[in-house]
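Each residue of the sequence shown is one higher than the one before, counting from 1 in this note's numbering. See structure below.
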Amino acid sequence: MPESFVTHLECSETGERYEPDRLYNLSRAGKPLLVRYDLAGVKRAMTKEKLRGREPTLWRYRELLPMRRDESIVSLGEVMTPLVRIAAKAGEVLIKDEGRLPTGSFKARGIALAVSMAKELGVKHLAMPTNGNAGAAMAAYGSRAGMKTTVFCPEDTPEVNVREIAAQGAHVYRVNGLIDQCGKLVAAGKEAAGWFDLSTLKEPYRIEGKKTMGFELAEQLGWELPDVIFYPTGGGTGLIGMWKGFAELEAIGFIGPKRPRMVAVQAAGCAPMVRAFENGEKHAARWENAHTIASGIRVPAAIGDFLILNAVRESNGFAIAVTDEEIESSLAGIARNEGFLLCPEGAATHAAYLKSLREGRIRPSDRVVLYNCASGLKYPLPPSDARLDLNAKIDFAAL
Ligand SMILES: *Cc1c(COP(=O)(O)O)cnc(C)c1O
Numbered sequence: 001m002p003e004s005f006v007t008h009l010e011c012s013e014t015g016e017r018y019e020p021d022r023l024y025n026l027s028r029a030g031k032p033l034l035v036r037y038d039l040a041g042v043k044r045a046m047t048k049e050k051l052r053g054r055e056p057t058l059w060r061y062r063e064l065l066p067m068r069r070d071e072s073i074v075s076l077g078e079v080m081t082p083l084v085r086i087a088a089k090a091g092e093v094l095i096k097d098e099g100r101l102p103t104g105s106f107k108a109r110g111i112a113l114a115v116s117m118a119k120e121l122g123v124k125h126l127a128m129p130t131n132g133n134a135g136a137a138m139a140a141y142g143s144r145a146g147m148k149t150t151v152f153c154p155e156d157t158p159e160v161n162v163r164e165i166a167a168q169g170a171h172v173y174r175v176n177g178l179i180d181q182c183g184k185l186v187a188a189g190k191e192a193a194g195w196f197d198l199s200t201l202k203e204p205y206r207i208e209g210k211k212t213m214g215f216e217l218a219e220q221l222g223w224e225l226p227d228v229i230f231y232p233t234g235g236g237t238g239l240i241g242m243w244k245g246f247a248e249l250e251a252i253g254f255i256g257p258k259r260p261r262m263v264a265v266q267a268a269g270c271a272p273m274v275r276a277f278e279n280g281e282k283h284a285a286r287w288e289n290a291h292t293i294a295s296g297i298r299v300p301a302a303i304g305d306f307l308i309l310n311a312v313r314e315s316n317g318f319a320i321a322v323t324d325e326e327i328e329s330s331l332a333g334i335a336r337n338e339g340f341l342l343c344p345e346g347a348a349t350h351a352a353y354l355k356s357l358r359e360g361r362i363r364p365s366d367r368v369v370l371y372n373c374a375s376g377l378k379y380p381l382p383p384s385d386a387r388l389d390l391n392a393k394i395d396f397a398a399l
């Protein structure tokens with residue numbers, strides 16, 4: 001049996017074919033490349049019964065992953081993340097808690113695959129711009145694989161993220177500019193020093209890692225997809241990946257034609273997809289003066305914009321923006337009432353769920369999945385400074 005069912009890569013816009021087993025960034029048309037598999041072969045090789053006996057990690061979907069050789073796999077223990085049910089008036093609300101992954105965010109999924117393929121194809125030095133979590137994952141997996149890593153982040157990236165990246169072995173620099181200017185530095189370094197650019201959607205394999213979020217969800221729900229998925233959308237890798245993954249699952253006979261409505265959640269201070277969706281546009285214009293506390297979705301321009309908008313439209317979903325106040329309110333409410341500390345981007349999906357219900361855009365009876373994309377512990381928390389004086393009398397009944 002071949003260890004990989006990859007047949008070729010394909011330009012996501014023009015469909016132009018590319019040979020597998022070579023290093024690529026974007027297609028000749030400047031668009032993301034998608035990995036294609038011999039799905040009839042996968043269908044024969046991978047059965048639901050076979051899956052049952054495998055380790056509960058993303059590597060269980062091996063036949064739908066791109067490595068030629070198992071030795072290429074770079075892993076830090078990518079557990080299947082749990083679905084946590086929270087209170088709902090009707091229907092069902094499940095949070096897929098991606099904060100349990102290595103480096104505390106779902107960036108681990110995409111980067112684990114990208115770094116494994118970079119290793120297989122002989123890369124020695126990786127580089128990327130980051131708002132925090134992607135850089136942390138690249139640093140960790142790069143070090144694990146024995147590669148050099150260089151990371152550029154905007155000046156206002158939280159201290160904890162910069163230190164995490166540095167601690168895990170990357171050369172990390174704060175830059176006095178935004179994420180796209182950091183991206184230009186990577187492009188220049190690629191020319192000048194031969195770095196491999198691991199930026200969002202600028203290499204083909206992060207999508208392959210991110211699609212496993214959708215595989216797991218389907219498997220955990222007994223191969224029955226939910227009615228609605230709320231996804232915190234920055235570069236859109238996860239939304240694009242899951243949409244691709246669902247088609248692959250149908251092609252191998254694991255699910256039927258039913259798809260969830262895909263809802264792209266953005267912050268009111270940076271909502272290029274929402275604006276493009278509402279204006280019926282194919283591409284999204286750059287969002288000027290982007291700002292939000294949800295730094296993972298502070299992405300003013302996404303190279304995969306048309307793929308995000310296609311998935312949202314084909315699924316009969318929509319794009320919706322929530323304010324930072326709504327994000328803070330969901331974050332505080334779910335932590336206090338459910339004991340679940342969401343990250344701000346995860347809280348944005350909860351706020352979007354509430355807003356969609358209020359506005360009648362989803363049904364109260366829907367089964368809904370929210371993605372909590374990172375551990376809430378990676379973010380600054382509201383202060384808590386109550387103190388007790390051991391020398392004073394303590395009124396225990398009041399504590
Ligand atoms: C990267 C990131 C996102 C956005 O994910 P995409 O798939 O790139 O849209 C959302 N939240 C967090 C915490 C992230 O790190």
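Even glycine gets a Cβ: it sits at the ideal position worked out from N, Cα and C.
### Task
Under 7 Å Cβ to Cβ from Thr233, same chain only, skipping five residues before and after it: list those, please.
Leu239, Ala264, Val265, Gln266, Met273, Ile297, Ile308
### Message
So Ala290 and Gly269 are supposed to be a Cβ contact under 8 Å. How far apart are they, rounded?
### Response
6 Å
### Message
ligand 1 and Gly376: does any heavy atom of the ligand fall closer than 7 Å to the residue's C-beta?
### Response
no
### Message
Assuming Ala137 is part of the alpha helix (DSSP H), what are its boundary residues?
### Response
133-144
### Message
Taking the alpha helix (DSSP H) that Gln220 belongs to, which residues open and close that run?
### Response
212-220
### Message
Could you give the first and the last residue of the continuous beta strand (DSSP E) run that contains Leu83?
### Response
83-86
### Message
I want to check one thing, is the minimum distance from the CB of Ala268 to the heavy atoms of ligand 1 below 7 Å?
### Response
no
### Task
Taking Tyr24 as part of the beta strand (DSSP E), name the residues at either end of that continuous run.
Looking at the DSSP string, Tyr24 is not in any beta strand (DSSP E), and its letter there is neither H nor E.
### Message
Between Leu377, Arg387, Ser384, which has its C-alpha nearest Gly104's C-alpha?
### Response
Leu377
#### Entry: Close beta carbons around Lys202, own chain, < 8 Å, minus the five adjacent residues each side
Asn25, Leu26, Pro32, Ile303
### Task
Would you check if there are 3 or more beta carbon pairs closer than 8 Å linking the region 92-102 to the region 146-154?
no
### Task
Would you verify that the beta carbon of Arg286 is, or is not, closer than 8 Å to some beta carbon of chain D?
Structure shown: chain D not included; a single protein chain is present.
### Task
Specify the secondary structure class of Thr401 as computed by DSSP and reduced to three states.
Outside the modelled stretch of the chain, which goes from 1 to 399, sits residue 401, for which no answer is possible.
### Message
Quick check on Ser105: does DSSP put it in helix, strand or coil?
### Response
strand
### Unbroken stretches of the beta strand (DSSP E), 3 residues or longer, contained in the region 236-303
261-267
### Query
So, is Ala140 buried or exposed, given that buried needs 16 or more other C-beta atoms within 10 angstroms?
buried
### Query
Roughly how many angstroms lie between the CA atoms of Thr200 and Asp395, to the nearest whole one?
55 Å
### Task
Please indicate yes or no: does the CB of Ala134 lie closer than 7 Å to some heavy atom of ligand 1?
yes
### Query
In terms of residues, what are the limits of the alpha helix (DSSP H) holding Lys50?
48-52
#### Entry: Straight-line gap, Lys119 to Arg144 (C-alpha atoms, nearest Å)
11 Å
### Query
CB Gly112 to CB Val74, shorter than 8 Å?
Looking at the sequence provided, one finds Ala at residue 112 rather than Gly. Yes, the pair counts as a contact, with Cβ atoms nearer than the cut-off.
### Message
Pull the bridge partners of Ile229 from the DSSP assignment, please.
### Response
Met262, Val369
### Continuous alpha helix (DSSP H) stretch holding Leu307: start and end
305-314
#### Entry: Residue interval of the beta strand (DSSP E) (run including Val35)
33-37
### Task
Run the CB neighbour count on Thr47, radius 10 Å, all protein chains shown included, and call it buried at 16 or more, exposed below.
exposed
### Task
Starting from Val123, trace the alpha helix (DSSP H) both ways and give me its first and last residue.
Here Val123 belongs to no alpha helix (DSSP H), and DSSP marks it neither H nor E.
### Message
Excluding the 5 residues flanking Trp59 on each side, which residues of the same chain have their C-beta closer than 8 Å to its C-beta?
### Response
Leu65, Ile73, Ser75, Glu78
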